[in-house]
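S.K.: A single structure is presented below for examination.
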Ligand SMILES: Nc1ncnc2c1ncn2[C@@H]1O[C@H](COP(=O)(O)OP(=O)(O)OP(=O)(O)O)[C@@H](O)[C@H]1O
Ligand SMILES: [Mg+2]
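Residue numbers (the working numbering), protein chains in the order written: chain A, 2 to 250; chain B, -7 to 227.
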């Protein structure tokens, strides 16, 4: 009973229509309409083999996607829009859609990237470690390390320094609401709230940052080159204990 | 647009006396509700509508029997001398029950039913369609999420088949009263020790029809006849 015209089963046409997101019923309905001209739903169903109960929703989808129109007679007749117009519009639509998906992807990647980088830094193989003491070279690396340590901070940050530029940089990275932050310094920066400043004589030679009670970073600056030593108490103890077990010491 | 004209295009049922009280017949390609209690003659009226369509107007017919085996239906109508078997053989008339059989309508959903009706109208090129009855659709509709929406969808898909369709219902005042373009009420009412048959065109859009309830007869060999006289059940 169903007469399939050749165009409806042309695999390449079908593939291209599918690539612009027309499903099987939509493809068949669209090609049927192209071949028939103005046609009622029931005849589209007859020609294409789309179940009658599904044909109206298929045709509505084709209207939404800009391939066909319907008149307001009864029963409604459906007819194609000039394919040049509909395909151009469809491609433009898909491009816009792709762009918005892409920008959403970019936004989301941006969101998760820092924590992935932190993880990566944490497990980077070339870090030199010796019994809970790390030597870190370069300001960038130092800050990366601070970021990593900040993942598990819970209570308090203590910074001791006279280098106000470094204090500011550190504050930018460690500031969290609900976190107690204490700065011990001879010079008091002005534009920070919720931070306790203790004016006290402090050595110019190093900056010390203590994170909770488990990590201490001591940063040294020589002619704009930064080096730091990180000590983690629990790591030191672990390392010491494993040395004992191996009969070392 | 020739919409207005289409709205008013009528088809004669060919049932003696009915078209006169209905302002010329049914509105072409619309759904008409035929309602009445058990035994009021709904199935007979509808079958006669199909038979006369073939006999007088060259319009083929399809009878969808949803609650009654087509074999019994044909047997019941034997007294009227309608050439049902002949028309069936000539593929002008088809009396069918849904695929799954009447025993197991639970397998069928609304889409299956719509597709079934569509395919069957296609097979005989039906211009007249009877669905007997809506009451048995309740079960199928009740399985859907949005009962009312599905009923409206069903009504509109059936309405687009380019058939003039009689929807039979035992219930009065269901949603189809509002959805249908016409409503016919059938009565079989006790008057004293006797019962009298009556028929009323309750609604026929865009048509001036009789506002009376008319006397109706069901007789051997001729079937239904509607009389021009009104009937008063309160006598
Ligand atoms: N040969 C006949 N002559 C006169 N009246 C008849 C004849 N055969 C049936 N009838 C009457 O028609 C009635 C059945 O009509 P019909 O089956 O069309 O009613 P219905 O409204 O479809 O009923 P149901 O709701 O049970 O399906 C019988 O109950 C009987 O009164
Ligand atoms: Mg009946």
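Each residue gets a CB set at the ideal place from its N, CA and C atoms; glycine is no exception.
Small disclaimer: the values here were computed from a predicted structure and weren't measured.
(1) Quick one: residues in its chain with C-beta nearer than 6 Å to the C-beta of residue 33/A, no 5 flanking neighbours on either side, listed in chain order?
(2) Closer than 9 Å, Cβ to Cβ, to anything on chain B: give me those residues from the stretch 40 to 61 of chain A, in chain order.
(3) With a cut-off of 8 Å, do at least 3 Cβ pairs link the stretch 156 to 169 of chain B to the stretch 72 to 91 of chain B?
(4) When Cβ atoms are compared, which residues of the stretch 72 to 84 of chain A fall closer than 9 Å to chain B?
(5) Measure from the alpha carbon of residue 207/B to the alpha carbon of each residue in 224/B, 195/B, 200/B, then state which is nearest.
(6) Say whether chain A places a C-beta atom closer than 8 Å to the C-beta of residue 154/B.
(7) Quick one: is residue 11/A buried, meaning 16 or more other Cβ sit within 10 Å of its Cβ, or exposed?
(8) Look up residue 3/A in the DSSP assignment and say whether it is helix, strand or coil.
(9) Considering only DSSP beta bridges, list what residue 222/B is partnered with.
(10) Looking at the unbroken alpha helix (DSSP H) that takes in residue 175/A, where does it start and where does it end?
(11) Using a Cβ-Cβ cut-off of 7 Å (strictly less than) and excluding sequence neighbours within five positions of residue -5/B, which residues of its own chain qualify?
(12) In the DSSP assignment, find the beta strand (DSSP E) that holds residue 1/A and state where it starts and stops.
(13) Could you spell out the range, first to last residue, of the alpha helix (DSSP H) harbouring residue 157/B?
(14) Among the residues of its own chain, which have a CB less than 6 Å from the CB of residue 199/A, if the five just before and after it don't count?
(15) May I ask you to report which of helix, strand or coil DSSP gives residue 80/A?
(16) Compute the Euclidean distance between the alpha carbons of residue 99/A and residue 105/A, then round it to the nearest angstrom.
(17) Kindly provide the chain-ordered list of residues whose Cβ lies closer than 6 Å to any non-hydrogen atom of ligand 1.
(18) Helix, strand or coil, according to DSSP, for residue 140/A in the structure here?
(19) Any C-beta of chain A within less than 9 Å: which residues of the stretch 66 to 80 of chain B qualify?
(20) In terms of alpha-carbon separation, which member of 116/A, 232/A, 140/A lies closest to residue 133/A?
(21) At a threshold of 7 Å, does residue 124/B count as lining ligand 2 (C-beta to nearest heavy atom)?
(22) Does the Cβ of residue 6/B have 16 or more other Cβ atoms within 10 Å, making it buried, or fewer, making it exposed?
(23) For residue 30/B, does the count of other Cβ atoms within 10 angstroms reach 16, so buried, or fall short, so exposed?
(24) Counting only beta-carbon separations shorter than 8 Å, does residue 110/B have a partner in chain A?
(25) For the stretch 146 to 179 of chain B, enumerate the residues whose C-beta is nearer than 7 Å to any C-beta of chain A, in chain order.
(26) Between residue 107/B and chain A, is any beta-carbon pair separated by less than 8 Å?
(27) Who pairs with residue 124/B in a beta bridge, going by DSSP?
(28) Terminal residues of the continuous beta strand (DSSP E) containing residue 68/A?
(29) Give the secondary structure of residue -5/B by DSSP, where H, G and I count as helix, E and B as strand, and everything else as coil.
(30) May I ask you to verify whether the stretch 175 to 184 of chain B touches the stretch 62 to 77 of chain A, counting CB pairs closer than 8 Å and requiring at least 3?
M.R.: In brief:
(1) In the first chain, the residue the question calls residue 33/A occupies position 32. Around residue 33/A: 45, 48, 49.
(2) The residues in question are 41, 42, 43, 46, 47, 52, 53, 54, 55, 56, 57.
(3) In short, these stretches do not touch, since the Cβ pair count stays below three.
(4) The stretch 72 to 84 of chain A vs chain B, Cβ under 9 Å: 72, 73, 74, 75, 76, 77.
(5) Position 215 of the second chain, counted from the start, is the residue given in the question as residue 207/B. Sorting 224/B, 195/B, 200/B by C-alpha distance to the C-alpha of residue 207/B places 224/B at the top.
(6) Position 162 of the second chain holds residue 154/B. It does: the Cβ of residue 154/B has a partner Cβ on chain A nearer than 8 Å.
(7) As a first step, residue 11/A is located in the first chain; it is residue number 10 there, counting from the start. Its Cβ having fewer than 16 others within 10 Å, residue 11/A is exposed.
(8) Position 2 of the first chain holds residue 3/A. With a pLDDT of only 49 at residue 3/A, under 50, the local geometry of the prediction cannot be trusted, and no value is derived from it.
(9) In the second chain, counting from the first residue as 1, residue 222/B sits at position 230. DSSP output for residue 222/B lists 206/B as bridge partner(s).
(10) Here residue 175/A corresponds to residue number 174 of the first chain, with the count starting at 1. In this chain, the alpha helix (DSSP H) harbouring residue 175/A covers 165 to 175.
(11) Working through the second chain from its first residue, we reach residue -5/B at position 3. Residue placement at residue -5/B cannot be trusted, given a pLDDT of 43 that sits under 50; what the coordinates show is reported in the next sentence. Leaving aside the five residues that flank residue -5/B on each side, none in its chain has a CB nearer than 7 Å to its CB.
(12) Here chain A covers residues 2 to 250 and nothing more, so residue 1/A does not appear.
(13) Working through the second chain from its first residue, we reach residue 157/B at position 165. Note, residue 157/B: premise wrong, no alpha helix (DSSP H); beta strand (DSSP E) at 156 to 161.
(14) Walking along the first chain from the start, residue 199/A turns up at place 198. In the same chain as residue 199/A, and ignoring 5 residues on each side of it, the C-beta atoms closer than 6 Å to its own belong to 185, in chain order.
(15) The residue labelled residue 80/A in the question sits at position 79 within the first chain. DSSP places residue 80/A in strand when its eight states are reduced to three.
(16) By 1-based counting over the first chain, the position of residue 99/A is 98. By 1-based counting over the first chain, the position of residue 105/A is 104. Taking the straight line from one Cα to the other gives about 10 Å.
(17) Qualifying residues come out as 28/B, 30/B, 31/B, 32/B, 33/B, 34/B, 35/B, 36/B, 71/B, 162/B, 210/B, 211/B, 212/B.
(18) Taking the first chain and counting its residues from 1, one reaches residue 140/A at position 139. Looking at residue 140/A - three-state DSSP - the assignment turns out to be helix.
(19) Here the close residues number zero.
(20) Position 132 of the first chain, counted from the first residue, corresponds to residue 133/A. Ranked by how close their Cα comes to the Cα of residue 133/A, the residues 116/A, 232/A, 140/A have 232/A in first place.
(21) Here residue 124/B refers to the residue found at position 132 of the second chain. Flag set: Cβ of residue 124/B near ligand 2.
(22) Taking the first residue of the second chain as 1, we reach residue 6/B at position 14. So residue 6/B counts as buried.
(23) If you number the second chain from 1, residue 30/B lands on position 38. Flag for residue 30/B reads exposed.
(24) The residue given as residue 110/B occupies position 118 in the second chain. Yes, its Cβ sits closer than 8 Å to a Cβ of chain A.
(25) Taking 7 Å as the Cβ-Cβ cut-off, the stretch 146 to 179 of chain B approaches chain A at 149, 152, 153, 154, given in chain order.
(26) Taking the first residue of the second chain as 1, we reach residue 107/B at position 115. Yes, contact with chain A.
(27) Here residue 124/B refers to the residue found at position 132 when the second chain is read from its first residue. The beta-bridge partner set that DSSP reports for residue 124/B consists of 57/B.
(28) For this step, residue 68/A is matched to residue 67 along the first chain. Note, residue 68/A: premise wrong, no beta strand (DSSP E); not H, not E.
(29) Working through the second chain from its first residue, we reach residue -5/B at position 3. Residue placement at residue -5/B is poorly supported in this model, since its pLDDT is 43, which falls under 50; the coordinates are not used for a value here.
(30) The stretch 175 to 184 of chain B makes no contact with the stretch 62 to 77 of chain A; the number of CB pairs closer than 8 Å stays below 3.
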